[in-house]
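Notes for the one structure printed next.
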Amino acid sequence: MSILRPFKAIRPKEEFAAKVAALPYDVMNSREAAEMTKDNPYSFLHVDKAEIDLPEGTDLYSDEVYAKAAQNLAALSENGICLQEETPCLYLYRQVMNGRPQTGIVGCASIDDYMNNAIKKHENTRADKEADRIRHVDICDANTGPIFLCYARNAAVDAVIDRYLAQKPLYDFTPDDGVRNTVWRIADDRDIGIIIEAFAKIPALYIADGHHRCASAVKVGIKRREQNPDFTGEEEFNFFLSVCFRADELEIMDYNRLLADTNGLTKDELLAKLAVHFDMEPSQTAYKPSERHTFGFYIDKQWYALTLKDGLCNESDPVESLDVSVLQNLVIAPVFGIDDPRTSKRIDFVGGIRGLNELEKRCETDMVCAFSMYPTSLDELMRIADAGKIMPPKSTWFEPKLLSGLFVHKLSE
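Following our numbering from start to finish, the sequence shown increments by one per residue and tops out at 670.
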């Protein structure tokens, strides 16, 4: 079973929603965040990246940054920009990008489900990234960024969603990126009960995006339990802010690779090594793979189409058969000499939202060659999570990103 429960959200008043809502903290650096918020004192980046309100050069992980985040979060309510619901609610959060909609249920998931693996993971997390968000959640006393979860389609949930989509929304706005964001509040006890009961029959939820935020929220919950040994399990710190989407509505984009050098190989030597494992043809245009086990390769202003030769990967292994694994195991490690792409400075990763032009541009500046990828599928992600295995780094790129600031979950009342 999967636990999803309503909560008393802190959220923007309707007239401020578009100004408060912001992209997640980890998709831009401090300089970019400062530029994005210079004319917008209401942006939630003042909470999620509070260093922008402190002197330039402030240590991102200093006590002052976390204290400022908590101060800025409180100010949103104190200054009348945000309000808190009087009763627990769920919400529908719908995003439409390039004509494709995805609609999620906003509520709180259980830290016990995470620890018991009823919420399934597919990525490792880094201790330094966890430590940052643990302090942020703990000092703000709130989950400020939602975890992006997905679930197998459920008819009862679909029926509730369909009814609310026909009603007037709470928020409806389209930022400069062109993604329409629409929110409906579900306050009716009967509808909340239908959703809770339906989720109780869903065997598992899957983390699509937000592994570090999720792990951090859980660890704060565990810390609060240790501080409150008489906890009942119903306290807000036992739950974390989530948006649960139907898996079949989601799209994973390609996550492409850039290499800073050829590991001492000439272009001809490199192409010869690639030809051992791939059928290769020059392409007159930027090559975007159209099926599994096909790749694009760009070097010296020339694209090549690569197709993996038969029998070179174990299709029965959900991790080894991933295209990102194929490229890492047959090319990135043995040919380019990069065994750990997590730590190597010689490799970079570019989400497909930037297009193949970005790969060409980078190869004219700070990089030498690039690989375009076919996207990992939701089925592959769920298969790996079900097997209790871990994907290689930078396997998935989800778009659109969930905006922060539309819903905040307080950990204490």
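Note that the Cβ used here is the ideal one computed from N, Cα and C, for glycine as well.
Self-check item: Touch test, the segment 425–445 against the segment 389–397, Cβ-Cβ under 8 Å, three pairs minimum
Solution: no
Quiz prompt | Boundaries of the beta strand (DSSP E) in which Y555 is found, first to last residue | solution = Where Y555 is concerned, the enclosing beta strand (DSSP E) stretches over 551–556.
Quiz prompt | Nearest to S547 (by Cα), restricted to the options T564, E493, E538, P539 | solution = T564
Quiz item: V417 by DSSP, collapsed to three states: which one?
Solution: helix
Quiz prompt | Contact set for I589: own chain, Cβ-Cβ below 6 Å, skip 5 residues either direction | solution = I595
Exercise. Taking only the alpha-carbon atoms, compute the straight-line gap between D605 and S573 and give it to the nearest angstrom.
Key: 29 Å
Quiz prompt | N-terminal and C-terminal residue of the beta strand (DSSP E) that N513 is part of | solution = 512–516
Quiz item: So, using beta-carbon positions, are M624 and L528 closer together than 8 Å?
Solution: no
Quiz prompt | Own chain residues within Cβ distance below 8 Å of E387, not counting five before or after | solution = H469, A472, S473, K476
Quiz item: Out of curiosity, what's the CA-to-CA distance linking L569 and A543?
Solution: 25 Å
Quiz item: Around the Cβ of S652, are there at least 16 other Cβ atoms within 10 angstroms (buried) or fewer (exposed)?
Solution: buried
Practice problem: My understanding is that G608 touches M510, with C-beta atoms under 8 Å, so please give their C-beta distance in whole angstroms. | Solution: 6 Å
Practice problem: Note down, one range per segment and in chain order, each alpha helix (DSSP H) of at least 4 residues found wholly within the segment 618–654. | Solution: 635–643
Quiz item: For Y282 versus D305, is the C-beta spacing smaller than 8 Å?
Solution: yes
Self-check item: T294 in three-state terms, based on DSSP
Solution: helix
Exercise. On a CA-only basis, which of S334, Q328, A307 is nearest L663? Give me that one, please.
Key: Considering only alpha carbons, the answer is S334.
Quiz item: Contact check, Y463 vs M639 under 8 Å by CB: the rounded distance?
Solution: 6 Å
Quiz prompt | Close-in-space but distant-in-sequence residues of the same chain around N373 (CB under 8 Å, 5 per side omitted) | solution = none
Self-check item: G612 (DSSP reduced to helix, strand or coil)
Solution: coil
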